[in-house]
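One structure is given here, and the rest of the page talks about it.
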Amino acid sequence: MAPMPLNQFLLFCWVAGFTILLECSPSESRPLEHLRFQAYTRHMDTSEPPKAAPGPVTNRSWNEKYVIQEGPNGIIQERNSTETEFDSLAADWGTCGTGNPMDDCWRCDENWESHRQSLATCAMGFGRDAIGGKNGQIYMVTSAEDDDAANPQPGTLRYAATREEPLWITFAKSMTIYLQEELILTSFKTIDGRGVDVHITGGAGLTLQYISNVIIHGIHIHDIKVTGPARVMSNTTHVGDRGVTDGDAINIYTATQIWIDHCSFANAADGLIDAIHGSSMITISNNLFSNHDKVMLFGAHNIDTVDREMKATVAFNKFGAGLTQRMPRCRFGTFQIVNNDYSAGWGIYAIGGSESPTILSEGNHFVASSEKEVES
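Going by mature numbering (1 follows the signal peptide of the UniProt record, and there is no 0), the letters in the sequence shown line up with residues -29 to -1, 1 to 347, in that order.
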């Protein structure tokens, strides 16, 4: 058998009880011809029908200089920028024909603002069937207030997020929202920050619990605190006593069909995105993460064997400066980690896992820091 070229190889290894498939290439080598995800189905859980199998995210490689950077409208442009800044996610900076299929899907429509709900057809990976508030009414948030978590006022984000019917939530203007208590979403909701600059900061984060079909696009979530106990509305028919939160930016608990795209995250009391206890069919794409310890967790406890069915895609994200670990950290389940930028390094590790997860790592750009835990 002829030796495999050094600039293209597949590495299979068993580490701490999990399977990881890596496709790697030196930074100066020729572009890799990336395989579509269907070629890896033999490594995936086949217990679900074909519809649940992953779809292709990209055929491009990091060696094509397709580097994720934060820009005035978020991610997926090649330029120099300060990784810790929170630039606007307004859509007018984006261009059509970038090669990122999730972006080109809607940016190539010059009248996207009139066709906002077409975004729901653009997700790829395991969360590609998330429709959010598609076919529902468009609800425009006009107020940044959040004075009463048990009785939210019309015009606020909390009021829209807790309605029973499908809603496509937009914002009348740029705003900074301080959530007094965790914001509990209901199913079939889209939070769409395109065209404005929306920050959720200084208070509680978002909770996606026992729901499905949520899209969160184009908002900044940072400096999230522990809140509670408090009485909080979870839907229009229920206001309940909630305990002290973990302080996650987004907590996904027993939720499915979730797509988080073109958001920025930094500085939370616990995780930036935690998906646990039976959550599945999730895509996390085109986001910027910076200045945090525990970034992203899939599966919280070794006893939660329900997470064996978890499936999540992490694609086209920029893991920026000041991150330590969990980019992501996986328990059980099947995970695609594709075309992400880790060039800012990490404090402890980038991708980790336990309890026998299957991890496909393809087309990622890794640059480790010069710091070492063990010196020889």
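Even for Gly, the Cβ is constructed at its ideal location relative to N, Cα and C.
The Cβ atoms of residue 96 and residue 329 do not sit closer than 8 Å to each other. Measuring C-alpha to C-alpha distances from residue 230 to each of 69, 66, 73, 68 identifies 73 as the nearest. Inter-segment contact for the segment 187 to 197 and the segment 215 to 234 is present: three or more beta-carbon pairs are separated by less than 8 Å. Here DSSP, grouped into helix, strand and coil, assigns residue 156 to coil.
The beta carbon of residue 147 sits closer than 7 Å to those of 115, 170, 172, all from its chain and outside the five residues before and after it, given in chain order.
Closest in alpha carbon position to residue 187, among 202, 205, 220, 326, is 220. The segment 240 to 257 makes contact with the segment 277 to 294; the number of CB pairs closer than 8 Å reaches 3 or more. Nearest to residue 337 by alpha-carbon distance, out of 317, 327, 331, 324, is 317.
Rounded to whole angstroms, the separation of the alpha carbons of residue 160 and residue 207 is 14 Å. Between residue 325 and the set 86, 273, 290, 132, the nearest pair of CA atoms involves 273.
About 7 Å separates the beta carbon of residue 128 from that of residue 154, a gap short enough to meet the 8 Å contact definition. Look at the segment 116 to 178 and you find these whole runs of beta strand (DSSP E), each 3 residues long or longer: 138 to 142, 146 to 148, 160 to 163, 169 to 172. When the five nearest sequence neighbours on each side are left out, the beta carbons in the same chain lying within less than 6 Å of the beta carbon of residue 190 are those of 164, 169, 234, in order along the chain. Across the structure, residue 89 and residue 111 are spaced so that their CA atoms are roughly 17 Å apart.
Around the CB of residue 125, fewer than 16 other CB atoms lie within 10 Å, so the residue is classed as exposed.
In its chain, beyond the 5 residues on either side, 157, 206, 207 have a beta carbon closer than 7 Å to the beta carbon of residue 135.
Here the alpha carbon of residue 119 sits roughly 27 Å from the alpha carbon of residue 246.
In the structure shown, the three-state DSSP call for residue 303 is coil. Residue burial annotation: residue 108 is exposed, with fewer than 16 other C-beta atoms found within 10 angstroms of its C-beta. Judged by DSSP in its simplified three-state form, residue 91 adopts helix. Nearest to residue 185 by C-alpha distance, out of 200, 101, 342, is 101.
DSSP, reduced to helix, strand and coil, places residue 281 outside both helices and strands of the structure shown, so it counts as coil. Between residue 257 and residue 222 the beta-carbon gap is near 21 Å, outside 8 Å, which marks them as no contact. Minimum Cα-Cα distance from residue 141 among the listed residues 130, 66, 149, 151 corresponds to 130.
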